[in-house]
Amino acid sequence: MTVFLRAGGIRGYAALMRDIGHDPLPLLRRHRIRLKSLDDEDTLLPLRSVVHLMEATATEANCGDFGLRMARAHDVSILGPLGVAMQNAWTFKDAIDYTSRFLFLQSPGLVVSYFAKSEFDDRAAEVSIDIVLDPRPPLRQSIDLSLGSAHRISQLLAGEHYKLRAVTLPHTPVVSLAVYQRFFGARVIPGQERASLHIDRATFREKLRSTNPALREIAEDYLSRHFRNPNDSVTSRVRLAIRRTLGVQPARKNDLAGMLGFHPRTMQRRLEAEGSSFEAIKDAVRKELALQYLRETTIPLAKLASMLAFPEHSALTRSCRRWFGAPPSAIRRDLVVVGKNKVTVSKSERAS
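The numbering of the sequence shown is my numbering, which starts it at 315 and goes up by one.
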């Protein structure tokens, strides 16, 4: 099934390309995106095409911070009707809750999660952003764009009460960390499990200046009545729960079932009815994250094994051989994706 993104999510793409001296048309055509479609922000674009476009643009334009630069053109209006609800939320935390509930309107492939405690700053809570595509493509620029846009929107909503303590990246940047630190005005920590803004907890309690109770009720009623989240399947909920907890605590079936309000047997029956299982979902999430971390970070393999909740490094190696036909060291050094599940490496690497 094709996952779509509202064109508002890449507002400013063509203008930024021209600003840095490049014609946007060739890359847009290569990725089958019409320039005219960017004029209507409600146009639906294939999310995978947009993700590949962002990576190709950064490479060919030699602009490693392209995603961050694009984010400078973004504000809450890129979110359409969701943006109206957020602007009229009672508190900043309420605005984040609206985002978690209704971000599927921007794209079902975008997920925002809230964590009451940050492991990087005792004063902060964590707002994480994920892009869910299977198979998972390189996401550096799209993650940077998403985090940058979230930062800009948070600044505009909370005003002077917005205090960003830290930013975590699930990849190793291709430009200096100083570029990120200047953009966010906070400590930036690469090679972590989640793409997150770590925001002072006091910010979440602040009332928004722009709130209008009548507009809030109208917007929330409209969203609730007219839109249903396509990620409401049990499979999607289990997948998201595993991604949130993997490496933080053991991703055990009974524990996850309790988190989601199911008896373990009930959850398993619901998954089977959807043609899935807990074990298959957990394996797929591990595979997806392993490929991301091996391609986009320099996280030591021993730490990566722990992040993916493997008992030891050798278990990660065995799984990589099963998934990709090669050990993790080979994938990190010489990776070529040639299909949905197949990865080819050189003969010398395969023998290692």
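For every residue, glycine included, the Cβ atom is placed at its ideal position computed from N, Cα and C.
Beta carbon proximity, His366 to chain D, threshold 7 Å = Absence of chain D from the displayed structure is noted, only one protein chain being present.
Please go through the same chain and pick out, in chain order, the residues whose beta-carbon is closer than 8 Å to the beta-carbon of Thr525, but skip the five residues on each side of it.
-> Hits under 8 Å: Gln401, Asn402, Ala403 and Trp404.
Please report the Cβ distance between Gly561 and Leu622, rounded to the nearest whole angstrom; I am assuming they are in contact, meaning their Cβ atoms lie under 8 Å.
-> The Cβ separation is near 6 Å, so the contact holds.
Among Gly394, Arg362, Met315 and Asn376, the one whose alpha carbon lies nearest that of Arg325 | Closest option to Arg325, Cα to Cα, is Gly394.
Taking Ser351 and Thr357 to be in contact with their CB atoms under 8 Å, please state how far apart those CB atoms are, rounded to whole angstroms.
-> For Ser351 against Thr357, the beta-carbon gap comes to about 5 Å, under 8 Å, which counts as contact.
From Thr449 to Glu534, what distance separates their C-alpha atoms?
-> Note on residue identity: the sequence assigns Pro, not Thr, to residue 449. One C-alpha to the other measures close to 33 Å.
Contact set for Tyr607: own chain, Cβ-Cβ below 6 Å, skip 5 residues either direction | Listed in chain order, the non-local C-beta contacts of Tyr607 below 6 Å within the same chain comprise Ile613 and Leu618, local neighbours out to five positions each way being set aside.
Beta-carbon proximity list for Glu602, same chain, < 8 Å, skipping 5 on both sides = Within the same chain, Asp448, Pro449 and Arg450 come within 8 Å of Glu602 by CB-CB distance, once the 5 residues on both sides are set aside.
Alpha-carbon to alpha-carbon, Ser414 and Ile503 | So the two alpha carbons sit approximately 24 Å from each other.
How many angstroms separate the CA atom of Arg551 from the CA atom of Leu574?
-> When rounded, the distance between both Cα atoms is 8 Å.
Starting from Ser301, trace the alpha helix (DSSP H) both ways and give me its first and last residue.
-> There is simply no residue 301 to check, as the chain begins at 315 and stops at 666 in what is shown.
For Leu478, which residues from the same chain have a beta carbon less than 8 Å from its beta carbon, with the 5 sequence-adjacent residues on both sides left out?
-> Only His465, Ser468, Phe498, Gly499, Ala500, Leu511, His512, Ile513 and Asp514 meet the Cβ criterion.
Looking at Ala370 and Leu349, is the spacing between their C-beta atoms short of 7 Å?
-> The beta carbons of Leu349 and Ala370 sit no closer together than 7 Å.
Three-state class that DSSP yields for Ser550 in the structure shown | It is helical.
Span separating the alpha-carbon of Leu459 from that of Leu382 | Their Cα atoms are separated by approximately 5 Å.
Curious, which full-length beta strand (DSSP E) runs of at least 3 residues does the segment 418-451 contain?
-> Runs of beta strand (DSSP E) with 3 or more residues, each lying fully within the segment 418-451, are found at 424-429 and 438-445, listed in chain order.
Could you tell me whether the Cβ atoms of Ile556 and Ala509 are closer together than 7 Å?
-> Going by C-beta atoms, Ile556 is not nearer than 7 Å to Ala509.
Cβ shell of Leu491 (< 6 Å), same chain only, five flanking positions each side left out = Within the same chain, Leu491 has close Cβ partners Val502.
What separation, rounded to the nearest whole angstrom, lies between the Cα atoms of Ala439 and Ser463?
-> Distance between the alpha carbons of Ala439 and Ser463 is about 18 Å.
Got a sec, what are the start and stop residues for the alpha helix (DSSP H) Ile410 sits in?
-> Where Ile410 is concerned, the enclosing alpha helix (DSSP H) starts and stops at Phe406 to Phe416.
Residues of its chain near Pro641, where Cβ-Cβ distance is below 7 Å and the 5 sequence neighbours each way are ignored = Answer for Pro641: Thr631, Cys634, Arg635 and Ser666, listed in chain order.
Would you kindly report the start and end of the unbroken beta strand (DSSP E) that includes Leu478?
-> Counting along the chain, the beta strand (DSSP E) containing Leu478 begins and ends at Leu478 to Thr482.
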